[in-house]
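In my numbering, the protein residues as written are 42 to 244.
Virtual Cβ for every residue (Gly too), placed ideally from N, Cα, C.
Below is one structure, written out as structure tokens; the observations come after it.
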């Protein structure tokens, strides 16, 4: 996303982070529609006019939240890529990281609200679809690398595996919301062997 130029880039970035943190807090408490720019500005301790120096609209704030989320996700992918062993071992070793991330209702509740908004707002839907496409492409790069047992599999089969894996991980948040007592340890008992099956050639 394009950011407005400021004379002090470090200060401007700090102000953006301040707004993003306030916006995420407002979205968690009141939802996307319930949290207007006035509410966000009060939470951030800044005037609405000041916020517009950094973000053109609420959609622009959402875009930055999504970009920040993608940066964190790509950092996790980089850990998998830098893992000294094969892709299967790397992903299974790091599975708990993904489970923790997707069961964090404190931060991920914003994701639920954005998904709901995507059903009504084509701009938000486009942002989320673009982010999903980037994530799927990064996963595809992992599964087609030389260290992967699936490197010679067809594009259709890879697409199937990736989408099933992503569906399972994304669904963890819903399970946690509906069943708050669910623990990461319980999920991993069944998820680890299921993921192993999805990351190995089918018999």
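Three-state secondary structure (DSSP) of residue 71: Here residue 71 is taken as the residue at index 30 of the chain shown, counted from 1. Helix.
Which residues in the same chain have their Cβ closer than 7 Å to the Cβ of residue 233, if we skip the five residues on either side of it in sequence? Residue 233 sits at position 192 when you count from the first residue of the chain shown. Closer than 7 Å at the Cβ level, and outside the excluded window around residue 233, lie 133, 136.
Excluding the five sequence neighbours on either side, which residues of its own chain have a C-beta within less than 7 Å of the C-beta of residue 210, listed in chain order? As a position in the chain shown, residue 210 is number 169, starting the count at 1. Result list for residue 210: 139, 143, in chain order.
Roughly how many whole angstroms lie between the Cα atoms of residue 43 and residue 116? For the purposes of this step, residue 43 is taken as residue 2 along the chain shown, with counting starting at 1. For the purposes of this step, residue 116 is taken as residue 75 along the chain shown, with counting starting at 1. With a pLDDT of 49 at residue 43, under the threshold of 50, the predicted position of this residue should be treated as unreliable, and no value is reported.
Taking only the alpha-carbon atoms, compute the straight-line gap between residue 167 and residue 152 and give it to the nearest angstrom. Position 126 of the chain shown, counting from 1, holds the residue named residue 167. Position 111 of the chain shown, counting from 1, holds the residue named residue 152. Roughly 14 Å separates the two Cα atoms.
To the nearest angstrom, how far is the alpha carbon of residue 212 from that of residue 241? Taking the chain shown and counting its residues from 1, one reaches residue 212 at position 171. Taking the chain shown and counting its residues from 1, one reaches residue 241 at position 200. Cα-Cα distance, rounded: 22 Å.
Pair every Cβ in the segment 182-200 with every Cβ in the segment 96-103, then say whether three or more of these pairs are closer than 8 Å. no
In chain order, each alpha helix (DSSP H) run of at least 4 residues that lies wholly inside the segment 113-162: 128-134, 136-143, 146-159
Would you identify the three-state DSSP class for residue 207, choosing helix, strand or coil? By 1-based counting over the chain shown, the position of residue 207 is 166. It is helical.
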